[in-house]
Ligand code: DQA
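Set out below in C-alpha cells:
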C-alpha cells in the first residue's frame with residue numbers, strides 16, 4: 102500500500118485546544134480518522150514533534166523509501182526559521198508539500214516568509230484542517 106506521511110511540528114500536538122479562533126476545534130487525531138476513511142487505499146502515517154532535530158531525523162528516515170508517495174509537512178513556527186529543515190527536505194527524494202492551517206500571509210509579517218517553500222513541491226495555506234487533505238491531493242496529482 103502506498104504510504105503518505107503527515108508531519109506536524111511544534112505546538113501542533115495542541116490542535117483542537119490551541120488558539121481555536123485561528124486553528125479550529127478539531128484535534129489532529131479526529132481529523133486523521135477522516136483522512137484515513139477518505140483514502141482507504143493509502144496508509145496515512147502521522148508524526149508530530151516539538152523538536153527540530155526529531156523532524157529532521159524523520160525526514161531522513163522516510164525520505165528515501167520507495168513506497169513513500171510523499172510528505173505533507175506543517176513545520177509550525179520552524180517554517181519561518183529553520184534552514185536545517187529546509188536542508189533536510191532538499192536532501193531527500195520523497196516530495197514534500199508545505200501546508201499551513203491558517204493563512205500565514207494574512208497574519209503577522211514574521212509569518213510571511215518561509216524558509217522551506219523553496220525546497221517543497223508547493224504550498225497550501227489557509228484552508229483550516231482541509232489544508233492537510235489538499236496537501237494529500239497535491240501529492241497524489243504529482
Ligand atoms: C502554522 C502557521 C505558523 O506560523 C505557526 O507558527 C504554526 C502553525 C499553521 O498551520 O497555520 O504553528 O504552520
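Residue numbers (the working numbering): 102 to 243.
Don't be surprised by glycine CBs; every beta carbon is placed ideally from N, CA and C.
Presumed contact (8 Å Cβ cut-off) between residue 156 and residue 176, rounded CB distance: Confirmed, about 7 Å.
Residue 147 (DSSP reduced to helix, strand or coil): In this structure, DSSP gives residue 147 an extended state, which the three-state scheme calls strand.
Whole alpha helix (DSSP H) elements within the stretch 141-200, 4-residue minimum: DSSP runs (the alpha helix (DSSP H)) wholly in the stretch 141-200: 153-163, 184-192.
Reference residue 200; option with closest CA among 183, 185, 239: For the residues 183, 185, 239, the minimum Cα distance to residue 200 belongs to 239.
Cβ-heavy atom distance, residue 244 to the ligand DQA, below 7 Å: Because the chain here runs from 102 to 243, residue 244 falls outside it and cannot be looked at.
Where residue 114 falls: helix, strand or coil (DSSP): When DSSP states are grouped into helix, strand and coil, residue 114 belongs to the helix group.
Cα-Cα separation, residue 129 to residue 170: Looking at the two C-alpha atoms, the distance is approximately 21 Å.
Counted within 10 angstroms of its Cβ, other Cβ atoms place residue 167 as buried (16 or more) or exposed: Residue 167 should be labelled exposed.
Three-state class that DSSP yields for residue 204 in the structure shown: It is coil, neither helix nor strand.
Cross-strand partners of residue 239 (DSSP beta bridge): DSSP lists no partner for residue 239.
Beta-carbon spacing of residue 212, residue 205 below 8 Å: Taking 8 Å as the Cβ cut-off, residue 212 and residue 205 qualify as a contacting pair.
Start and end residues, beta strand (DSSP E) containing residue 104: Note, residue 104: beta strand (DSSP E), 103-109.
For residue 122 and residue 142, the rounded distance between their alpha carbons: Residue 142 and residue 122: Cα-Cα distance of roughly 33 Å.
Residue 177 beta carbon near the ligand DQA (any heavy atom closer than 7 Å): Yes, the ligand DQA has a heavy atom inside 7 Å of this Cβ.
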